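Protein chains in written order, with this note's numbering: chain Y, 17 to 378; chain H, 113 to 432.
As structure tokens, then:
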């Protein structure tokens, strides 16, 4: 995708470029978060911004997530466009009151007289013992509330374009990043560009099974899809959902009408997740197009354990996805092709660090 | 103090009192179908502070917002229509009594989550500071709100960045039916704020001239870059926490305390003060009463003849 630009940038560098260009272009944009100007610069996504844009645009932050969210909302109501950053999405739970009672509702409850152009970046951790409170994937919890937009870009191209679109949006946008996508590269144009919020993207076309995936699970779904195609001749359509609210149901429906089979792969807990919501909407609107019961692939309904021994099989893998595809197709797992498939997806090295074998572009 | 100001103080307090009494009288008709928190007895704080502000200055408030809204110049018709759930209400009927807004008057919004608007006021002051405007932002809240963590997070940030914000704590001793003694240790609220690193003062919230004088000083300091100001005013809520009536039969406060509170009426006190200053108050008072009476009748008439929003209207404006 986007081959013409020929410039490979990692997700974090694309984010930094997007922030830098937004600060450059619009004097109303400010950036604040715990550690934004520190030496590690939020995994390098905010490096250099303070030096370039100055201390009245780029801020470190007291450890006061709820108060500072409210302060950013107040600034947004007063004509600024704050971008807030949480190094872990779990920290944003301290700000639920301000996000849900104020940011989400201000425009509605005051009859459209004011709006809250606020972006909150939240990073989902994984691996190396991130454990119960540093690796939750809470997109559905936020997306349940009308008035908020929730996006989860997968590619570096989308990271930059959707961050810019989020900053330009007049609504509160929660921008959820998966830590294991941060190093992945994609073709990223140097120009200032937007990727629209609320539009999924068909990343790979296929006729047999639709996999609608969110964030890092897109990465895993693509691995499964490539292996299924080369080893078993099964053609999977992989959709990168990109937005959690609004949810692009139309793109999924179009695909399911072609394939008749749906798997939704989510980074969150299974119960009450966005995967269930997506399947509900497909069942309501295109039940007759389905040849088999849709499948959710998600994290188990227990907190993430820290110990690598307990966490080894916690996350669904490309193998989990491929198995679900084969089951949906009514295929056998006792064949040479299946063994070939599994061999293609074997991961070398420890399970609790990102897979560096694929580093993009998509 | 100038003559014009005494008129203005008296008019503004009396207007809030009479508007709320009219709301209370009509509440039993069950046509205003929303919770309502009256500030009768507490008018002097809203008036003394707002009279000293410029029209460009900003105010945030809470669930007990009628007084702050009216004192800052919020449109009366839009407020009454809002309580009646009409399309012409200041929130188009989406908010009710606990959600008031009038941006033209600098009234940025009131909401009923205790502490919810305190950081917003700091954010407004932060924006004013970053944009180098001359505006001051005021937020009104109660003694119960001071127990919320978000208030202390807000005080910390305001002090850190020396923001032009004035925190006004209306201390009426009660959070619903629970006395402050059951919620806080015995120490002055304003001194805790002072320990956050800002100038703080305490005053008699039922003495409108004292509120005005303290407010003027605080506004001057906030406007000239001396950072956030914290003002605690003691006052007394006459009526029930929520609703149009008195709730003294619940016995959560003593008869003596209630009588003392109501004898400390800010309007009566100010009227007496003006008489002692040899002002011809009675004629002026009668003139103001008549004007306010007419204004209130008009507001109810406009509200009740306004369009009722529909369930279809409820789907709009979820996103900007």
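Even for Gly, the Cβ is constructed at its ideal location relative to N, Cα and C.
Remember, predicted model here, so these are calculated numbers, not experimental data.
For residue i and residue j, which I take to be in contact (beta-carbon distance under 8 angstroms), what is that distance rounded to the nearest angstrom?
| i | j | result |
| --- | --- | --- |
| residue 169(Y) | residue 157(Y) | Their Cβ separation, rounded to whole angstroms, is 19 angstroms, which puts residue 169(Y) and residue 157(Y) out of contact at 8 angstroms. |
| residue 190(H) | residue 207(H) | Rounded, the Cβ-Cβ distance is 11 angstroms, inconsistent with contact. |
| residue 204(H) | residue 320(H) | The Cβ separation is near 33 angstroms, so there is no contact. |
| residue 353(Y) | residue 247(Y) | 5 angstroms |
| residue 30(Y) | residue 176(Y) | 4 angstroms |
| residue 317(Y) | residue 228(H) | Contact flag wrong, Cβ pair sits at about 33 angstroms. |
In whole angstroms, what is the alpha-carbon distance linking residue i and residue j?
| i | j | result |
| --- | --- | --- |
| residue 351(Y) | residue 357(Y) | 10 angstroms |
| residue 180(Y) | residue 35(Y) | 7 angstroms |
| residue 275(H) | residue 253(H) | 18 angstroms |
| residue 137(Y) | residue 201(Y) | 19 angstroms |
| residue 271(Y) | residue 376(Y) | 25 angstroms |
| residue 132(H) | residue 307(H) | 37 angstroms |
| residue 412(H) | residue 369(H) | 34 angstroms |
| residue 55(Y) | residue 101(Y) | 15 angstroms |
| residue 187(H) | residue 195(H) | 13 angstroms |
| residue 423(H) | residue 145(H) | 16 angstroms |
| residue 406(H) | residue 192(H) | 14 angstroms |
| residue 51(Y) | residue 325(Y) | 32 angstroms |
| residue 156(H) | residue 255(H) | 17 angstroms |
| residue 287(H) | residue 259(H) | 10 angstroms |
| residue 354(H) | residue 152(H) | 12 angstroms |
| residue 372(Y) | residue 197(Y) | 10 angstroms |
| residue 387(H) | residue 393(H) | 6 angstroms |
| residue 430(H) | residue 121(Y) | 8 angstroms |
| residue 333(H) | residue 327(H) | 10 angstroms |
| residue 75(Y) | residue 53(Y) | 7 angstroms |
Suppose contacts are defined by Cβ-Cβ distances below 8 angstroms. Is residue i in contact with residue j by that definition?
| i | j | result |
| --- | --- | --- |
| residue 254(Y) | residue 220(Y) | yes |
| residue 284(Y) | residue 245(Y) | no |
| residue 286(Y) | residue 261(Y) | no |
| residue 23(Y) | residue 204(Y) | yes |
| residue 125(H) | residue 382(H) | yes |
| residue 236(H) | residue 249(H) | yes |
| residue 330(H) | residue 278(H) | yes |
| residue 341(Y) | residue 240(Y) | yes |
| residue 134(Y) | residue 188(Y) | yes |
| residue 166(Y) | residue 192(Y) | yes |
| residue 163(H) | residue 324(H) | yes |
| residue 309(Y) | residue 276(Y) | no |
| residue 150(H) | residue 378(H) | no |
| residue 408(H) | residue 129(H) | no |
| residue 291(Y) | residue 332(Y) | no |
| residue 82(Y) | residue 225(H) | no |
| residue 27(Y) | residue 199(Y) | yes |
| residue 164(Y) | residue 119(Y) | yes |
| residue 46(Y) | residue 98(Y) | yes |
What did DSSP end up calling residue i once you bin it into helix, strand or coil?
| i | result |
| --- | --- |
| residue 155(Y) | helix |
| residue 47(Y) | strand |
| residue 334(Y) | helix |
| residue 160(H) | helix |
| residue 378(Y) | coil |
| residue 200(H) | coil |
| residue 134(Y) | coil |
| residue 403(H) | helix |
| residue 341(H) | strand |
| residue 106(Y) | helix |
| residue 120(Y) | coil |
| residue 61(Y) | coil |
| residue 361(H) | helix |
| residue 390(H) | coil |
| residue 98(Y) | strand |
| residue 126(Y) | coil |
| residue 264(H) | helix |
| residue 220(H) | strand |
| residue 190(Y) | strand |
| residue 259(Y) | strand |
| residue 285(Y) | strand |
| residue 320(Y) | coil |
At least three beta-carbon pairs within less than 8 angstroms, the stretch 135–145 of chain H to the stretch 227–239 of chain Y: no
Kindly confirm or deny that the stretch 63–76 of chain Y and the stretch 208–215 of chain H touch, where touching means at least three C-beta pairs closer than 8 angstroms. no
Decide if the stretch 287–303 of chain H is in contact with the stretch 337–351 of chain H; the criterion is three or more beta carbon pairs, one per stretch, under 8 angstroms apart. yes
Count the C-beta pairs between the stretch 161–178 of chain H and the stretch 396–403 of chain H that are closer than 8 angstroms, then say yes if the count reaches three, no if not. no
Stretch-stretch touch, CB-based, cutoff 8 angstroms, three pairs: the stretch 85–98 of chain Y with the stretch 226–246 of chain H: yes
The stretch 122–134 of chain Y in contact with the stretch 262–274 of chain H per 3-pair CB rule at 8 angstroms: no
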